[in-house]
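Chains as they are written, first to last, in numbering that gives the first Met the number 0: chain V, 0 to 597; chain D, 0 to 276. By construction, the Cβ of each residue, glycine as well, lies at the ideal position given by its N, Cα and C atoms. Quantities reported herein were computed from a predicted structural model and do not represent experimental measurements. Working notes for the structure below.
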Amino acid sequence: MSGRTLARVVLVIVFISLLAVPLVMRRLAVRRAQLNNAAGETAALRRYGFHLDEVSNAAGINFKHQAPTLDHQLDHIMPQVASMGAAVSVVDFNRDGWADLYVTNSGEGSKNALFKNNADGSFTDVAAEMGIADLNQPGTGVSMGSVWGDYDNDGYEDLFLYKWGKPELFHNDGGQKFSRVTEKAGLPPWVNANTAVWFDYDRDGRLDLFLGGYYAEDVDLWHLRNTKMMPESFEYAQNGGRKYLFHNLGDGSFEEVSQKAGIDSRRWALAANIADLRGTGNQDLFIANDYGISELYFNDGKQFREVGKQTGVGFAPKSGMNASVGDILNQGKYSIYVSNISEEGVLIQGNNLWVPREGTSGDQIVYDNMASAMDVEIGGWSFGAQFGDLNNDGRLDLYLVNGYVSADRNQNYWYDFSKIAGGNSTIISDAAHWPAMDGRSLSGYQQKKVWLNDGAGKFVDVAQAVGASDVFDGRSVALVDLWNRGALDVVVANQRGPLLVYKNTVTPENKWIGFELEGAASNRSAIGAEVRLFWDGHQQVQQVSGGGGFCSQNQRRLHFGLGNNPHVEKAEIHWPSGKIETIEKPAVGQVYKITESV
Amino acid sequence: MSESAIQSLEVPVRRRFSLDNRYIAPLFISFILLVGHLFYGILESYERTALAIVCAIVTELVLGRIFYGKWLNLASAYITGISVGILLRSPAFWPFALASVLSIMSKYVLRVKGRHLWNPSNFGICVLLFMAPEAVASLSVQWGNFWPPLVVIWLLGSIIIYRAKRFHISATYVVSFFAFAVLRSLITGDAFLAEVAPITGPMYQLFVFFMITDPKTTVQSKKWQCAVVFLVAFVEMLLRLNQVVNAPLYALFLVGPTAMLIEMLSHKEAQKSQNPI
């Protein structure tokens, strides 16, 4: 055999081997997933340190989300347009020390629910008697989500409800009743919003409010002037809703200051979150936009600067649907998780995990997308996600829900979707041009992700092994210790599906500590306050949430897992007022209730 | 993507420019990519595209040295690499490397009568799309949906292809696509504009202007070149009616080599009849 022939034979063998590489990689991935998820309850507890049981029925929670029925001109694509509105937020509305749940509904005439925690493992829907149930009446729009914050510092969390319709503010009257104060607050008559966050952007001790529009505010989805209300581009759209920043004037009214403060965008906002990303004490604002790039606004106290490109988070456009923040590396720095769309062979955007680049900080902070390297990239048509230490091992894990439209299991709308999505703006922006869905699914029946942080720079999906096995169209997820056991339970709101409550059983070997903060000079909800916990060479920072993920709000209590036999050095509390308090050697296994000293 | 521009521009344009004109097409494509990225962020990172280009070039260098005993001109490999870098979308790195290497290798392995059958980047991309759909997708929405990039690519593509004397191929394909869009609209009941939508995306122009016109992997007669791209559009229609997302790429993958083989066979028959034993 001549040298040339031999080389050709080798070449052919190498060529065939390379052709087989994708198959081998796929098989390995499947095998790895099977191994990770081959566990029963006992095995999951032993192997991963926790197990989830869906207990909504046993807890007396029987809630099924209803989607709206919009203008009949959208009938042919109704499932994909009327695809949001299932949302859950956590609040202790009556200050009894037990977390309650507020859940939105979106069918015209449907009722929202406030599940009061009875402290005995059960819940009762008290929304109607409290006056915050019947909020989806025709003509007023339908609910999309809610955030809770004590805007008047009276000690009780007030409710802001954002809708595709008229936004509403309800004052909490001592945990006994809610009073509608929308007009007094000066809120706009109509906003098609999918995100809102309470935060004290100017640190005057009063909670302000960010509200992000999705569809333009002049669009009434029940009475369309025409069908040109869709995004003008799948990844570069700027014909969405405006943004609002309501400055709290302290007398129950708010002044809209977005333009004055430098927030001016018509991207299609789906999620927002706040965090002190630079250590300035000011809360910076991150917005995940559908059909485009994310935006990051540095907060200089009263003025905001958009720095998405400069920081690296606002360059590659995707379909942002979630914004969660968490100190995943125990370095005292926040990373940001943005969910996007991934569908095999059609659109692989991948989710983004923005991690601060080593050596950058302050105004020069730069983020790298580490989602691929840390294995939290592919999550299907991803929606809400939250960071939390699910097994109390001292590292933040990540719970992600997904699935867009689950209809006919055997018919798929993706071909038609991709056909139109790549078209020119004049075509894509007109709903009349979109092919009919005809009962087909679009990224339906997807398995959720419970990504366990291994502490070595990787996350491992253990959803099936630990019991998160539902395949509903997940939207909003919130983490909360519902039964005051020192474990983070998971509540998931599903579009056109049930509200799921996953009760978490955590191995008792792993310890925990909690902090419930109440501001004095700072806003009373202590939203934006941080606790930096130092133990066994770790440092983890967490902040009190004013809303985040997708259309959700976690419990205000901060929950730290500590691992086995921890020695906690100290807890530093950084209040929005700028004050810092330190607790030396706090005891584990308890919740510290701390009021800011004046 | 095509090496046509390099090949066919070579003689007429060389006289007018001092720059080696084999590099005009790669430069144009690089320019489009760069502008697209700077204005639209079409690439999630430069690294993936760079990886695709480097892998294509290294593979070409090594295989060229082994099988031809010389260092080959790298313009063709560069175009293959950049095509993979543009048309393939994946958050992972490995698909870009693998697609590029397979694309170049296909030129050396899948040969008949001294000619390779598949457009290299079309081969590599289709293999990845078919065998690793969980990891890759083709370029779809990332170039925006607005008129300016569409016009820019139409103009640049038209200039390059016209000078390369292959405009008739692109024109035939576009006309066929529109005709079949009418037919698909009648069959599916979807709006005509919905059926036309794909070709209005800027990414589709890359396929129209640069991939289906590759002189190395198209038949030789002008008439049959038009017939073949008509068939590509026809097969694409069949695939689209079966809701195949990457229909144009797969259509070219199926029709292109088949046409080449038929042409080779017909030449052989013609030679036989001219030289009867």
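Between the CA atoms of residue j and residue i - distance to the nearest angstrom
{"i": "residue 61(D)", "j": "residue 212(D)", "result": "27 Å"}
{"i": "residue 114(D)", "j": "residue 261(D)", "result": "13 Å"}
{"i": "residue 15(D)", "j": "residue 274(V)", "result": "Residue placement at residue 15(D) cannot be trusted, given a pLDDT of 45 that sits under 50; what the coordinates show is reported in the next sentence. Residue 15(D) and residue 274(V): Cα-Cα distance of roughly 59 Å."}
{"i": "residue 175(D)", "j": "residue 86(V)", "result": "48 Å"}
{"i": "residue 225(D)", "j": "residue 25(V)", "result": "39 Å"}
{"i": "residue 587(V)", "j": "residue 596(V)", "result": "23 Å"}
{"i": "residue 233(D)", "j": "residue 179(D)", "result": "7 Å"}
{"i": "residue 137(D)", "j": "residue 543(V)", "result": "41 Å"}
{"i": "residue 152(D)", "j": "residue 37(D)", "result": "15 Å"}
{"i": "residue 68(V)", "j": "residue 144(V)", "result": "17 Å"}
{"i": "residue 565(V)", "j": "residue 534(V)", "result": "7 Å"}
{"i": "residue 317(V)", "j": "residue 403(V)", "result": "16 Å"}
{"i": "residue 1(D)", "j": "residue 91(D)", "result": "Note that residue 1(D) scores a pLDDT of 46, beneath 50, so its modelled location is shaky and nothing firm can be said."}
{"i": "residue 166(V)", "j": "residue 160(V)", "result": "6 Å"}
{"i": "residue 227(V)", "j": "residue 148(D)", "result": "22 Å"}
{"i": "residue 545(V)", "j": "residue 322(V)", "result": "12 Å"}
{"i": "residue 437(V)", "j": "residue 589(V)", "result": "53 Å"}
{"i": "residue 52(D)", "j": "residue 76(V)", "result": "41 Å"}
{"i": "residue 594(V)", "j": "residue 107(V)", "result": "42 Å"}
{"i": "residue 247(D)", "j": "residue 413(V)", "result": "16 Å"}
Per-residue contacts from residue i into chain V (C-beta, under 7 Å)
{"i": "residue 133(D)", "result": "25, 343"}
{"i": "residue 65(D)", "result": "6"}
{"i": "residue 91(D)", "result": "371"}
{"i": "residue 136(D)", "result": "344, 345, 346, 347"}
{"i": "residue 97(D)", "result": "17, 20"}
Under 9 Å from the C-beta of residue i: neighbouring residues of chain V
{"i": "residue 88(D)", "result": "346, 347, 348"}
{"i": "residue 139(D)", "result": "233, 345, 346, 417, 420, 421"}
Cross-chain neighbours of residue i in chain V, by beta carbon under 8 Å
{"i": "residue 197(D)", "result": "418, 421, 422"}
{"i": "residue 193(D)", "result": "415, 418, 419, 422, 426, 432, 433, 434"}
{"i": "residue 82(D)", "result": "Residues of chain V passing the Cβ test: none, with the nearest at roughly 18 Å."}
{"i": "residue 200(D)", "result": "421, 422, 423"}
Own chain, CB closer than 7 Å to residue i, minus 5 neighbours either side, in chain order
{"i": "residue 262(V)", "result": "242, 244, 296, 303"}
{"i": "residue 352(V)", "result": "334, 336, 368, 369, 370, 373, 375"}
{"i": "residue 10(D)", "result": "Below a pLDDT of 50, predicted positions are generally treated as unreliable, and residue 10(D), at 42, falls in that range; the measurement from the model is reported next regardless. Answer for residue 10(D): no residue qualifies."}
{"i": "residue 125(V)", "result": "113, 115"}
{"i": "residue 240(D)", "result": "183, 186"}
{"i": "residue 179(V)", "result": "167, 169"}
{"i": "residue 218(D)", "result": "224, 227, 258, 259, 262"}
{"i": "residue 117(V)", "result": "123"}
Best match in the options for proximity to residue i [C-alpha to C-alpha]
{"i": "residue 256(D)", "options": "110(D), 94(D), 48(D), 117(D)", "result": "117(D)"}
{"i": "residue 35(D)", "options": "144(D), 74(D), 102(D)", "result": "144(D)"}
{"i": "residue 434(V)", "options": "68(D), 172(D), 190(D)", "result": "190(D)"}
{"i": "residue 112(D)", "options": "215(D), 243(D), 64(D)", "result": "215(D)"}
{"i": "residue 592(V)", "options": "576(V), 572(V), 578(V)", "result": "572(V)"}
{"i": "residue 386(V)", "options": "327(V), 361(V), 418(V)", "result": "327(V)"}
{"i": "residue 562(V)", "options": "389(V), 479(V), 523(V)", "result": "389(V)"}
{"i": "residue 206(V)", "options": "556(V), 537(V), 532(V), 521(V)", "result": "521(V)"}
{"i": "residue 122(D)", "options": "188(D), 105(D), 247(D), 135(D)", "result": "105(D)"}
{"i": "residue 70(V)", "options": "218(V), 56(V), 61(V), 15(V)", "result": "218(V)"}
{"i": "residue 220(D)", "options": "52(D), 265(D), 94(D), 110(D)", "result": "265(D)"}
{"i": "residue 300(V)", "options": "312(V), 277(V), 378(V)", "result": "277(V)"}
{"i": "residue 172(V)", "options": "426(V), 129(V), 384(V)", "result": "129(V)"}
{"i": "residue 638(V)", "options": "258(V), 391(V), 197(V)", "result": "The requested residue 638(V) does not occur in the structure, where chain V is confined to residues 0 to 597."}
{"i": "residue 209(D)", "options": "128(D), 229(D), 159(D), 133(D)", "result": "159(D)"}
Other residues of its chain near residue i: CB distance less than 6 Å, five sequence neighbours each side excluded
{"i": "residue 463(V)", "result": "36"}
{"i": "residue 51(V)", "result": "465, 466, 467, 501, 503"}
{"i": "residue 405(V)", "result": "440, 443, 444, 472"}
Interface residues of chain D facing residue i [CB-CB closer than 8 Å]
{"i": "residue 431(V)", "result": "190"}
{"i": "residue 18(V)", "result": "101, 126, 130"}
Partner residues on chain D for residue i, Cβ-Cβ distance less than 7 Å
{"i": "residue 413(V)", "result": "244"}
Sequence-distant residues of its chain with Cβ nearer than 8 Å to residue i (five each side left out)
{"i": "residue 581(V)", "result": "569, 570, 571, 572"}
Chain-ordered chain D contacts of residue i [CB-CB under 9 Å]
{"i": "residue 604(V)", "result": "Residue numbering for chain V in the displayed model covers 0 to 597; residue 604(V) lies beyond these limits and cannot be assessed."}
{"i": "residue 641(V)", "result": "Residue 641(V) is absent from the structure shown; chain V starts at 0 and stops at 597."}
Pick out the complete alpha helix (DSSP H) segments inside the stretch 353-441 of chain V, 4 residues or longer, and give them in chain order. 413-420, 424-427
Let me know the beta strand (DSSP E) ranges lying completely inside the stretch 162-217 of chain V, each 3 residues or longer, listed in chain order. 167-171, 177-179, 190-198, 207-214
If you scan the stretch 287-324 of chain V from start to end, which runs of the alpha helix (DSSP H) of 4 or more residues do you find wholly inside it? 307-310
Tell me the start and end of each unbroken beta strand (DSSP E) in the stretch 522-553 of chain V that is at least 3 residues and wholly inside, in chain order. 529-534, 537-542
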